[in-house]
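What follows is a single structure, written as structure tokens, with notes after it.
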Amino acid sequence: MKRVFLVMMSLLLVFSFVLAAEKPIKIGAVNPLGDITGDQAAKAMKLAVKEINDAGGVLGRPIELIVIDDEMNPAKGAAAIERLATVENVDFFVGGMGSGVHLAQIPILKKYEKITVWIGAATHQAEIAMGPDADWYFHLHPWDYQQGEGYGIGWTEIVHAYPEVKIEKVFLAYEEGAFGTDSYTTYVDLYEEAKRGEGSWKEVLKEFKGASFKSAALGGGDYRAMLNQAKAFNPDLFIWAGYDADAIPIVAQAKEVNFQPPLFVGAPPGWPADFGKNPLSENVILYGMWAPTLNEVSPVAKHFYDAYVEMWKEEPATYFAPLGYTNIYFLVEGIKKAGSLDKNAIIEALRTIEYESPLGEVLKIEPSRIIKNQGFKYQKILQWQKGRQEVIWPLELATTQLDYPFKFGK
Amino acid sequence: MLNLEKTNKSLKKTLIAFIIFLIVVGIWKPLALVYGIQRGGLYSLIGLPLALILGIVGILNLAHGDFLTLGLYIGYIFFNSWSIDPLISMAPLFFILFGLGMVIYSILIKRVLKAEHLNQLLLTFGISMIIIELIKIIWTTRPRSVYTSYASSSVTLGNMSIGMYEFIYPAMAIAVLVILQLFLKKTRLGQAASAVGQNPKGAEIVGINTNVVYLVVFSIAFGIIGVAASVMLPRTPVFPLSGNPYTLKSFALVAMAGLGNLNGILIGGITLGVAEAIVQSIPGYEGWSDVVFFGILIAVILLNAYRRPES
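Which chain is which? The protein sequence lines are A and B, in order.
Heads up: the first sequence runs through residues 1 to 410, numbered per my numbering.
Heads up: the second sequence runs through residues 411 to 721, numbered per my numbering.
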């Protein structure tokens with residue numbers, strides 16, 4: 001009888017060890033699934049998890065991804081973190097898109113202090129809210145001020161690389177909401193710096209003017225008054241900061257008022273489904289972190305693109321897709337390097353790894369103005385050419401030459 | 411007789427004031443006048459069907475703008491799948507929305523005609539939510555658009571480049587208004603509709619089938635929404651909330667013009683459009699256009715309230 005009992009106990013012990021070893025590592029993601037950015041980011045995360053699990057998982061354990069939809073609603077975004085922490089008992093937080101949602105999530109993230117790798121929220125207000133002490137917080141998307149600085153570096157390098165390009169006068173058209181107003185404030189600061197002979201824009205920003213417009217996404221859609229102001233200013237570089245719904249009407253109305261700046265730049269978070277097919281898109285410049293044409297210069301980008309298309313039978317159309325993929329891989333690389341789920345070990349590992357991302361560049365963690373763990377710093381300068389988004393800057397990643405100057409009906 | 415004379419005098423005064431307003435703006439800011447007439451024409455075109463339903467059927471349709479969105483998507487399908495120009499798909503769109511109006515009326519609206527106003531509002535609000543969510547599921551939130559070369563054509567006058575396409579908005583608003591007035595005054599069904607709008611119980615007593623009148627008026631209004639969607643399509647991005655803001659603007663117009671005053675919708679729409687355009691043309695004050703839009707609306711409603719007790 002004693003022998004049977006001992007055998008049973010031994011089996012139970014072995015079984016529980018096996019169970020513990022195979023217990024998945026839980027990652028909780030919060031994305032706006034009704035929006036293409038969140039939808040594709042979540043799909044790319046699932047792709048990364050599938051690839052990792054197919055290759056044997058991490059630390060001998062599979063990864064389990066739990067995705068919750070924040071519906072772009074700050075209250076729901078905050079509740080999602082609370083649920084992931086308490087009901088789902090996740091080990092890590094990932095995801096993100098909108099700044100407003102993230103601002104509401106920050107107090108909850110601070111309550112649990114789990115390792116968080118976030119790919120959304122560009123506003124510096126989120127960085128201020130997070131503060132300098134959150135060493136468990138990793139932010140991969142560039143902050144708004146970093147983006148502004150990056151564009152200055154980009155345009156300066158472009159002016160040097162293309163002698164025919166001249167940039168002195170910059171006009172910023174911005175939508176009336178928080179996103180546009182934040183962009184305007186950032187550019188005003190950059191202009192003030194440039195006037196003092198400081199900052200990345202000092203060579204290419206001699207005169208600056210801005211005007212607001214009501215985005216079509218928020219019930220507007222008539223940009224002609226703003227475009228007439230821009231036309232009177234006669235800028236070398238025209239930038240509009242609005243939403244994807246504004247993309248086509250702004251170009252169409254610019255054509256209508258005969259406003260044809262040499263560089264026509266759009267800076268929405270995403271682009272309309274058929275923008276590239278529209279003849280008015282030709283030579284429009286955009287800011288973004290990724291373009292499908294990176295497949296031609298980056299094997300990692302190509303692998304991601306092909307795997308995503310194979311798994312989801314659709315093309316990734318927003319940079320949040322490769323960013324979501326990066327989100328999971330970066331975290332898993334950190335866990336792998338740490339060799340355990342020890343929080344401090346993983347934080348240390350994440351700070352030191354260099355992950356070659358499908359965004360075409362190597363992801364390394366550096367401090368930003370306030371937080372200690374910032375990932376990507378700059379966006380890329382891209383241009384629509386024959387329906388494709390081509391990379392113009394960084395020059396080392398360029399997939400084609402800049403087509404200059406912008407002209408309707410080229 | 412005396413009342414009719416007073417009404418005519420008041421209408422003349424309003425028209426004269428309106429024309430003087432347009433002339434002054436034309437001299438001061440000619441581009442704002444052009445943009446304002448164009449935009450105001452669109453507000454009027456979209457506001458007319460809401461006014462028709464509210465004036466005759468007595469229902470405030472909170473899904474008004476969402477049916478406009480639906481019309482935009484249907485027009486987009488015509489363009490994208492069969493390369494049918496939006497101005498050509500106007501005819502099928504009229505009939506598709508007309509049919510949809512018949513279905514919505516017969517299945518839903520008919521049941522709440524005698525219900526509390528709050529229930530009517532909740533019903534149309536529910537319809538609005540369902541349309542938005544269904545559109546998101548079917549087409550996602552990504553904006554779509556159609557490209558027609560004529561939509562951004564323009565003529566140059568001096569140093570002004572004036573877009574021609576948007577003149578279609580006031581032109582269509584006037585055309586729809588004239589057709590509606592002819593329908594309401596010259597046809598038996600239209601006269602019956604006017605009678606039902608003024609006194610539904612009285613109309614029933616004299617043998618008018620109010621249910622048929624409501625059904626036809628509701629469906630015609632939906633058909634006009636289809637027409638508005640067609641003419642907007644070449645200049646408007648199509649996404650789940652494309653038409654949503656027009657519900658409030660249309661309701662504001664009806665409130666400004668007064669219930670049953672279809673001519674007032676045109677004058678009011680252009681006045682508000684021009685006021686908006688003036689504000690947008692002043693550097694640094696672009697963001698004030700909504701304040702001015704609804705400020706003028708409040709001023710007109712207060713003025714009307716002040717004038718009515720006197721008359």
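Glycine residues also receive a C-beta, built at the ideal position from the N, C-alpha and C atoms.
Nothing here was measured: the structure is a model prediction, and the numbers come from that model.
Is the region 86-98 of chain A in contact with the region 117-128 of chain A, if contact means three or more CB pairs nearer than 8 Å? Yes: the two stretches touch, three or more of their Cβ pairs being nearer than 8 Å.
Across the region 496-515 of chain B and the region 640-648 of chain B, are there enough close Cβ pairs to call them in contact, namely three or more that are closer than 8 Å? Output reads yes: the region 640-648 of chain B touches the region 496-515 of chain B.
Going by C-alpha distance, which of D35/A, V30/A, G152/A is nearest D244/A? Locating residue 244/A in the first sequence gives position 244, where the first residue counts as 1. Closest option to D244/A, Cα to Cα, is D35/A.
Select from Y287/A, T156/A, K43/A the residue whose C-alpha is nearest the C-alpha of Y378/A. As a working note, residue 378/A is residue 378 in the first sequence. It is Y287/A whose Cα lies nearest to the Cα of Y378/A.
Taking the straight line between their C-alpha atoms, what separation do you get for G468/B and L523/B? By 1-based counting over the second sequence, the position of residue 468/B is 58. By 1-based counting over the second sequence, the position of residue 523/B is 113. The alpha-carbon of G468/B is positioned some 8 Å away from that of L523/B.
Report the neighbours of V284/A on chain B: residues whose CB is nearer than 8 Å to its CB, in chain order. Position 284 of the first sequence, counting from 1, holds the residue named residue 284/A. Going along chain B, no residue has its Cβ under 8 Å from V284/A, so there is no contact; the nearest lies around 14 Å.
Segments assigned beta strand (DSSP E), at least 3 residues, entirely inside the region 554-607 of chain B: Counting whole runs of 3 or more residues, the region 554-607 of chain B contains the beta strand (DSSP E) stretches 564-567, 570-573.
The beta strand (DSSP E) with E175/A in it runs from where to where? Start at 1 with the first residue of the first sequence, and residue 175/A comes out as number 175. Counting along the chain, the beta strand (DSSP E) containing E175/A begins and ends at 169-175.
Which of the three DSSP states, helix, strand or coil, is assigned to K202/A? Residue 202/A sits at position 202 when you count from the first residue of the first sequence. Looking at K202/A - three-state DSSP - the assignment turns out to be coil, as it is neither helix nor strand.
Is N327/A helix, strand or coil by DSSP? Looking up residue 327/A in the first sequence gives position 327. Here N327/A sits in helix by DSSP.
CB-CB under 8 Å to E354/A, same chain, minus the five flanking residues each way: which ones, in chain order? Against the first sequence, residue 354/A aligns to sequence position 354. For E354/A, where only same-chain residues beyond five positions count, the Cβ hits under 8 Å are V362, L363, K364.
Could you tell me which residues DSSP puts in a beta bridge with E207/A? Residue numbering aside, residue 207/A sits at position 207 when the first sequence is read from its first letter. DSSP lists K169/A as partners of E207/A.
Start and end of the beta strand (DSSP E) containing R388/A? Translated into positions along the first sequence, residue 388/A becomes position 388. Segment 388-393, the beta strand (DSSP E) holding R388/A.
When the distance is taken between beta carbons, is L397/A closer than 8 Å to E390/A? Taking the first sequence and counting its residues from 1, one reaches residue 390/A at position 390. Taking the first sequence and counting its residues from 1, one reaches residue 397/A at position 397. Contact flag unset, no.
Exposed or buried, what is V251/A when buried is set at 16 or more other beta-carbons lying within 10 Å of its beta-carbon? Counted from its first residue, the first sequence places residue 251/A at position 251. Buried: at least 16 other Cβ atoms inside 10 Å.
Starting from N490/B, follow the alpha helix (DSSP H) in both directions and report where the run begins and ends. In the second sequence, the residue the question calls residue 490/B occupies position 80. Start and end: 474-492.
Taking 7 Å as the cut-off, does the CB of K166/A come closer than this to any heavy atom belonging to the ligand COA? No copy of the ligand COA occurs in the structure displayed, which carries no ligand at all.
Within chain A, partners of S564/B - CB distance below 9 Å: Counted from its first residue, the second sequence places residue 564/B at position 154. Result: K255, E256, V257, N258.
Can you tell me the Cα-Cα spacing of I548/B and K277/A, whole angstroms? Locating residue 548/B in the second sequence gives position 138, counting from the first residue. Locating residue 277/A in the first sequence gives position 277, counting from the first residue. I548/B and K277/A: Cα-Cα distance of roughly 21 Å.
Report the residue from G375/A, I167/A, L350/A, G219/A whose alpha carbon sits nearest the alpha carbon of W155/A. Taking the first sequence and counting its residues from 1, the one referred to as residue 155/A is at position 155. Ranking G375/A, I167/A, L350/A, G219/A by Cα distance to W155/A puts I167/A first.
At the 8 Å Cβ level, is R388/A part of the contact set with chain B, yes or no? In the first sequence, counting from the first residue as 1, residue 388/A sits at position 388. It does not; no Cβ of chain B falls within 8 Å.
For L443/B, would you say it is in contact with chain A, using Cβ-to-Cβ distances shorter than 8 Å as the test? As a first step, residue 443/B must be located in the second sequence, where it is residue number 33. No - not a single Cβ of chain A is within 8 Å of the one on L443/B.
Give the interface partners of V697/B over in chain A, defined as CB-CB distance under 8 Å, in chain order. Position 287 of the second sequence, counting from 1, holds the residue named residue 697/B. Val is not the amino acid found at residue 697/B; the sequence shown has Gly there. Ordered by position in chain A, the residues that pass the 8 Å Cβ test against G697/B are E176, S212, K214.
Return yes when the Cβ of G465/B is within less than 8 Å of the Cβ of G607/B, no when it is not. One-based indexing of the second sequence puts residue 607/B at position 197. One-based indexing of the second sequence puts residue 465/B at position 55. Yes; because the gap between Cβ atoms is below 8 Å, this pair is in contact.
Any chance the region 447-458 of chain B sits against the region 680-699 of chain B, with 3 or more Cβ pairs inside 8 Å? yes
Spatial neighbours of W290/A within its chain, please: CB distance less than 6 Å, with the 5 preceding and 5 following residues excluded, ordered by chain position. By one-based count along the first sequence, residue 290/A stands at place 290. Cβ neighbours of W290/A beyond the five flanking positions: Y319, P322, L359.
Taking 8 Å as the threshold (beta carbon to beta carbon), is A583/B in contact with chain A? Locating residue 583/B in the second sequence gives position 173, where the first residue counts as 1. It does not; no Cβ of chain A falls within 8 Å.
Relative to the alpha-carbon of T399/A, which residue among E113/A, T293/A, M45/A has its alpha-carbon at the smallest distance? Locating residue 399/A in the first sequence gives position 399, counting from the first residue. It is T293/A whose Cα lies nearest to the Cα of T399/A.
Hey, how far is the Cα of A232/A from the Cα of V623/B? Sequence index remark: in the first sequence, residue 232/A carries index 232 (1-based). Sequence index remark: in the second sequence, residue 623/B carries index 213 (1-based). A232/A and V623/B: Cα-Cα distance of roughly 54 Å.
Below 8 Å between beta carbons is the criterion; list the residues of the region 543-554 of chain B that meet it against any residue of chain A, in chain order. Listed by position along the chain: K546, T550, T551, R552, P553, R554.
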